[in-house]
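**Student:**
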Amino acid sequence: MKQVININFHGQVVPIEVSAFDLLKNYTASLARFFENEEGKEEIINDIESRIGELFQERLKKGATCITDDDVNAIIKSMGRPEEFDGEEEKVATKLSETSSGKSAGADSQSTDTNTLRRLYRDENNKVLGGVCGGLARYFRTDPVIVRVIFAVVSLAFGTGILAYIILDCCTKQRF
Amino acid sequence: MNIENTASQMRKGVLEFCILSVIKQGEAYPSDIIEKMKAANLNIFEGTLYPLLTRLKNAEFLTYRWIESNSGPPRKYFMLTEKGAAFYKELEATWNELANAVQALSKAEQEYTTSNDFNQPE
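As structure tokens, then:
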């Protein structure tokens, strides 16, 4: 026995189960986060929600008394979740890495290509031990020798450099 | 390097051209466009389409008008602008060039293999 509420969704009154409404809210929140930096994001989100509203009306016209969890999940499946949007893998990767524990030292560089992602990788082509310094050098666009010298000096002076190296080696991925 | 990433990048490259191709045939609204693309065996999520349409509209290649609908909220019907038509012509030329190049290269490999086999002793 589920509670059903009426919502005003883009100019239409839609009876919807409370749990389904929560699913809907989570989805639209994920869209808002995903399109955070996109020019014209309000328009995009509005269009998507409008389309969802249309799909709701289709179901109601067919005789459904209210919108259920299954309905919302099916609609989300066909619209696609942000991480499934074509060609947006890099954007998603940035968002995921921002929430996880520092796997990537990259940040969105403010270039004209909004999907550019600067990640910290090990450099398999330029390595002495694990390629960490090579990767760091690539990221900071300097000579790996300089990075290695600094690393060595820091390790000798403070001792923690070696631990840092091991952590970076484990946490960064190989660059192909 | 994984196949999904590379394949997805290939698709991403041609999406705009495909969408414009559909709209060029006539005024269309988003789920129309999805259907036509599905019919051509190119499946994309509606969620992928809307941002692309908005970007193209903001670049002034597309324009739209609202049409009231009995079955819900009003719909946006998109069409090409003049700028869009010109852009489309350029994309078409680029696509043809690219398609021919790729065909030539991938075919060339096959021919090499065939002639190689021919030289093998029986």
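In the order they appear, the protein sequences are chains A and B.
Heads up, the numbering used here is the position in the first sequence plus 78, with the first residue counted as 1.
Heads up, the numbering used here is the position in the second sequence plus 23, with the first residue counted as 1.
Note that CB positions come from ideal geometry on N, CA and C, so glycine has one too.
Taking 7 Å as the limit between beta carbons, can you name the residues of its chain near residue 131(A), skipping five residues before and five after?
**Tutor:** Translated into positions along the first sequence, residue 131(A) becomes position 53. Same-chain partners within the cutoff: 87, 88 and 90.
**Student:** Taking only the alpha-carbon atoms, compute the straight-line gap between residue 76(B) and residue 36(B) and give it to the nearest angstrom.
**Tutor:** Here the question's residue 76(B) lines up with position 53 in the second sequence. Here the question's residue 36(B) lines up with position 13 in the second sequence. Going by the C-alpha atoms only, they are around 15 Å apart.
**Student:** Would you give the residue range spanned by the beta strand (DSSP E) that residue 101(B) belongs to?
**Tutor:** For the purposes of this step, residue 101(B) is taken as the residue at position 78 of the second sequence. Unbroken beta strand (DSSP E) run through residue 101(B): 95-103.
**Student:** Mind the definition here: the stretch 243-253 of chain A touches the stretch 36-56 of chain B only if three or more C-beta pairs lie below 8 Å; say whether that holds.
**Tutor:** Segments in contact, no.
**Student:** From which residue to which residue does the beta strand (DSSP E) around residue 90(A) run?
**Tutor:** As a working mapping, residue 90(A) is identified with position 12 in the first sequence. Counting along the chain, the beta strand (DSSP E) containing residue 90(A) begins and ends at 90-95.
**Student:** Name the two residues that bound the continuous alpha helix (DSSP H) containing residue 218(A).
**Tutor:** Along the first sequence, one-based indexing puts residue 218(A) at 140. First-last of the alpha helix (DSSP H) with residue 218(A): 210-218.
**Student:** Mind checking the stretch 83-111 of chain B against chain A and listing, in chain order, the residues whose C-beta falls within less than 9 Å of any C-beta there?
**Tutor:** So the close ones are 92, 94, 95, 96, 97, 98 and 99.
**Student:** Are there 16 or more other CB atoms within 10 angstroms of the CB of residue 188(A), so buried, or fewer, so exposed?
**Tutor:** Residue 188(A) sits at position 110 when you count from the first residue of the first sequence. With a pLDDT of only 34 at residue 188(A), under 50, the local geometry of the prediction cannot be trusted, and no value is derived from it.
**Student:** For residue 129(B), is the classification buried or exposed, using 16 other Cβ atoms within 10 angstroms of its Cβ as the cut-off for buried?
**Tutor:** Counting from 1 along the second sequence, the entry for residue 129(B) is found at position 106. Residue 129(B) is exposed by the Cβ-count criterion.
**Student:** Quick one: does residue 69(B) have its CB under 7 Å from some CB of chain A?
**Tutor:** Taking the first residue of the second sequence as position 1, residue 69(B) is located at position 46. Interface residue, yes.
**Student:** For the alpha helix (DSSP H) that residue 132(A) lies in, which residues bound it at each end?
**Tutor:** Along the first sequence, one-based indexing puts residue 132(A) at 54. First-last of the alpha helix (DSSP H) with residue 132(A): 119-139.
**Student:** Please return the same chain residues whose Cβ sits closer than 6 Å to the Cβ of residue 43(B), not counting the five positions on each side in sequence.
**Tutor:** For this step, residue 43(B) is matched to residue 20 along the second sequence. Here the set comprises 111.
**Student:** Below 7 Å between beta carbons is the criterion; list the residues of the stretch 123-154 of chain A that meet it against any residue of chain B, in chain order.
**Tutor:** Per Cβ criterion, the list reads 125, 126, 128, 129, 131, 132, 135, 136 and 139.
**Student:** Within 10 angstroms of its Cβ, does residue 82(B) collect 16 or more other Cβ (buried), or is it exposed?
**Tutor:** Position 59 of the second sequence, counting from 1, holds the residue named residue 82(B). Its Cβ having fewer than 16 others within 10 Å, residue 82(B) is exposed.
**Student:** Quick one: what's got a C-beta closer than 7 Å to residue 179(A)'s C-beta in the same chain, skipping five residues either side?
**Tutor:** Here the question's residue 179(A) lines up with position 101 in the first sequence. Low confidence applies to residue 179(A): its pLDDT is 35, below 50, so where it sits in the model is not reliable, and the reading given next is rough at best. Answer for residue 179(A): no residue qualifies.
**Student:** Using CA coordinates, which residue listed in 119(B), 107(B), 120(B) and 131(B) is at the minimum distance from residue 48(B)?
**Tutor:** Residue mapping note: residue 48(B) aligns to position 25 of the second sequence, counting from 1. Out of 119(B), 107(B), 120(B) and 131(B), 107(B) has the C-alpha closest to the C-alpha of residue 48(B).
**Student:** If contact is defined by three or more beta carbon pairs under 8 Å, each pair taking one atom from either stretch, is the stretch 102-118 of chain A in contact with the stretch 57-65 of chain B?
**Tutor:** No, because fewer than three Cβ pairs between the stretch 57-65 of chain B and the stretch 102-118 of chain A fall closer than 8 Å, the two stretches do not touch.
**Student:** First and last residue of the beta strand (DSSP E) that includes residue 86(A)?
**Tutor:** Position 8 of the first sequence, counted from the first residue, corresponds to residue 86(A). Looking at the DSSP string, the run of the beta strand (DSSP E) that includes residue 86(A) is 82-87.
**Student:** Starting from the Cα of residue 99(B), find the closest Cα among 92(B), 87(B) and 39(B) and give me that residue.
**Tutor:** For the purposes of this step, residue 99(B) is taken as residue 76 along the second sequence, with counting starting at 1. Residue 99(B) has its Cα closest to that of 87(B), out of 92(B), 87(B) and 39(B).
**Student:** Count the other CB atoms, across all protein chains shown, that sit within 10 Å of the CB of residue 192(A); report buried if there are 16 or more and exposed otherwise.
**Tutor:** Stepping through the first sequence from its first residue, residue 192(A) is reached at position 114. A caution first: residue 192(A) carries a pLDDT of 40, below 50, which makes its placement in the model too unreliable to give a value.
**Student:** State the Cα-Cα distance for the pair residue 105(B) and residue 31(B), rounded to the nearest angstrom.
**Tutor:** By one-based count along the second sequence, residue 105(B) stands at place 82. By one-based count along the second sequence, residue 31(B) stands at place 8. Going from the Cα of residue 105(B) to the Cα of residue 31(B) covers about 30 Å.
**Student:** Taking the alpha-carbon of residue 122(A) as reference, which of 80(B), 67(B), 66(B) and 58(B) has the nearest alpha-carbon?
**Tutor:** In the first sequence, residue 122(A) corresponds to position 44, counting from 1. Comparing Cα-Cα distances from residue 122(A) to each of 80(B), 67(B), 66(B) and 58(B), the minimum goes to 80(B).
**Student:** Since residue 89(A) meets chain B, which of its residues come closer than 7 Å, beta carbon to beta carbon?
**Tutor:** Sequence index remark: in the first sequence, residue 89(A) carries index 11 (1-based). By Cβ distance, chain B contributes 96.
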